[in-house]
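Asks:
There are 2 protein chains.
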Amino acid sequence: MNRAAIHKIREFNRFYTHFLGLLDQYILHSKYTLPEVRVLYELYHIRKAKASDIVEALEIDKSYLSRMLLQFERKNLIIKKTSRQDKRSVHLQLSSLGKKEFLTLNKASDTHLNELLSNMSIKDLAQLINHMKEIRRLIEENKKQ
Amino acid sequence: MNRAAIHKIREFNRFYTHFLGLLDQYILHSKYTLPEVRVLYELYHIRKAKASDIVEALEIDKSYLSRMLLQFERKNLIIKKTSRQDKRSVHLQLSSLGKKEFLTLNKASDTHLNELLSNMSIKDLAQLINHMKEIRRLIEENKKQ
DNA sequence: AACAATAGTTGACAAAATCAACTAATCTTC
DNA sequence: GAAGATTAGTTGATTTTGTCAACTATTGTT
Chain A
815 MNRAAIHKIR
825 EFNRFYTHFL
835 GLLDQYILHS
845 KYTLPEVRVL
855 YELYHIRKAK
865 ASDIVEALEI
875 DKSYLSRMLL
885 QFERKNLIIK
895 KTSRQDKRSV
905 HLQLSSLGKK
915 EFLTLNKASD
925 THLNELLSNM
935 SIKDLAQLIN
945 HMKEIRRLIE
955 ENKKQ
Chain B
815 MNRAAIHKIR
825 EFNRFYTHFL
835 GLLDQYILHS
845 KYTLPEVRVL
855 YELYHIRKAK
865 ASDIVEALEI
875 DKSYLSRMLL
885 QFERKNLIIK
895 KTSRQDKRSV
905 HLQLSSLGKK
915 EFLTLNKASD
925 THLNELLSNM
935 SIKDLAQLIN
945 HMKEIRRLIE
955 ENKKQ
């Protein structure tokens, strides 16, 4: 074990956790909680998601999700349909209102991130993104083995 | 606003949030919660911390912290002393048991991270750390302005 | 001295998350 | 194709986590 390396990585993790925390703050001022936003994100991106897909993707409790979806339904954000193939499972879809809400949140998130990085030059921004890409590559390549 | 760049950064953020989540899982199997571990971390590193220092550093509610510290006191993890200079404020210090507990947790965290990266070559590890350093630099430099 | 501000505690409560038991449907195996 | 096991999602009960406001004691301000 490379102690010094591990230490530096954990230091970065603390730094980045804090940065992510700053980013999430915009959600505190929104109508939704962080888990709710994550679920909306999944619903928007995984079209025709089943509840179990969300549970798996976000690693949240199925009862927790079930209640969250009930709220969403009451607010007309989603449409629930029992699957024809398997009547136990439920197909979930954002309603047009749901999509609108998600896009609004998404936009706010973009804007907020943009503000945090507003002073960064094009060049620095390109570098930042490249470092991120490399980090992801290094971690993912390693995981596969 | 550079849409494509923002999008890539947020994509990385999701990826890294998940990675951090994996790292935090070891805590779920420990005797402490994530906020508790964070407080222990601060107490270990900010010697002679006041409660208000922790509140500020971690941006948690003072009542929440107050109760957490009460738990720690009951478990003999910390020593609380009212300050001489200001009898309203409290000096906090990890007891030897508290230090021991923190170091155990810290070790477990190191080990867990090490496992996640176990297959990574020395070279890749060095690269990873360099990318992290650069990300931090780019973000911090930008913030100052 | 009178009033405002601050550090931390306490009570009451709300939000977030978990656990176990349950229903209905489907899959497995004989 | 019936019996038993498994799975998807719901519901009830509860715990954990976090917040808000009111309060005490002390210190700072004028």
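Same order as they appear, the protein sequences are chains A and B.
Numbering-wise (this note's numbering), the first sequence opens with residue 815 and increments by one.
Numbering-wise (this note's numbering), the second sequence opens with residue 815 and increments by one.
The beta-carbon is built from N, C-alpha and C at its ideal position, and this holds for glycine as well.
Just so we're clear, the structure is a prediction, and the values are computed from it rather than from any experiment.
Kindly list the residues whose CB is nearer than 8 Å to the CB of A/Arg861, restricted to its own chain and excluding five residues on each side of it in sequence; keep chain order.
Replies: Only Gln907 meet the Cβ criterion.
Asks: Nearest-angstrom Cα distance between B/Glu856 and B/Ile868?
Replies: Taking the straight line from one Cα to the other gives about 7 Å.
Asks: Would you mind reading off the limits of the alpha helix (DSSP H) that contains A/Lys894?
Replies: It is not in any alpha helix (DSSP H) - A/Lys894 instead sits in the beta strand (DSSP E) that spans 892-896.
Asks: Give every residue of the same chain whose Cβ lies closer than 8 Å to the Cβ of A/Leu837, excluding the five residues on either side of it in the sequence, and list them in chain order.
Replies: Closer than 8 Å at Cβ, skipping near neighbours: Ser923, His926, Leu927, Leu930.
Asks: Helix, strand or coil for B/His859 per DSSP?
Replies: Helix at B/His859.
Asks: What residues from chain B crowd round A/Ala922, counting only those whose CB sits closer than 7 Å?
Replies: Going along chain B, no residue has its Cβ under 7 Å from A/Ala922, so there is no contact; the nearest lies around 12 Å.
Asks: Taking B/His897 as the reference, give the member of B/Asp938, B/Glu955, B/Lys864 with the closest Cα.
Replies: For the record, residue 897 of chain B in the displayed sequence is Ser; it is not His. Cα-wise, what sits closest to B/Ser897 is B/Lys864.
Asks: Going by DSSP in three states, B/His843 sits in which element: helix, strand or coil?
Replies: Three-state DSSP puts B/His843 in coil, outside helix and strand.
Asks: Could you check what DSSP says for A/Lys769 in three-state terms: helix, strand or coil?
Replies: A query on residue 769 of chain A cannot be resolved here, the shown segment of chain A reaching from 815 to 959 and no further.
Asks: Within the continuous alpha helix (DSSP H) that includes B/Leu908, where are the two ends?
Replies: B/Leu908 -> not in any alpha helix (DSSP H); beta strand (DSSP E) instead, spanning 904-908.
Asks: If we ignore side chains and look at the alpha-carbon of each, how far apart do B/Leu911 and A/His832 end up?
Replies: C-alpha separation (whole angstroms): 28 Å.
Asks: How about B/Asn890: is its C-beta nearer than 7 Å to some C-beta of chain A?
Replies: Not one chain A Cβ lies under 7 Å of B/Asn890.
Asks: Around the C-beta of B/His859, are 16 or more other C-beta atoms found within 10 angstroms, so that it is buried, or is it exposed?
Replies: That one is exposed.
Asks: Determine the burial state of B/Ile936: buried for a count of at least 16 other Cβ atoms within 10 Å of its Cβ, exposed for fewer.
Replies: With fewer than 16 other Cβ atoms within 10 Å, it is exposed.
Asks: Near A/Ala871, what residues of its chain come up, given a Cβ to Cβ distance below 6 Å and the 5 sequence neighbours on each side ignored?
Replies: The answer, listed in chain order, is Glu856.
Asks: Taking Cβ positions only, does A/Ala871 come closer than 7 Å to chain B?
Replies: Not one chain B Cβ lies under 7 Å of A/Ala871.
Asks: What are the boundary residues of the alpha helix (DSSP H) that A/Leu963 is part of?
Replies: Given that chain A is displayed from residue 815 to residue 959, the structure contains no residue 963 of chain A and the question cannot be resolved.
Asks: Pull the bridge partners of A/Lys864 from the DSSP assignment, please.
Replies: In DSSP, A/Lys864 forms a bridge with A/His905.
Asks: If contacts are defined as beta-carbon pairs under 8 Å, then B/Leu848 and B/Ile841 qualify, I think. What distance do you get, rounded to the angstrom?
Replies: Indeed they touch by this definition, with Cβ atoms about 5 Å apart.
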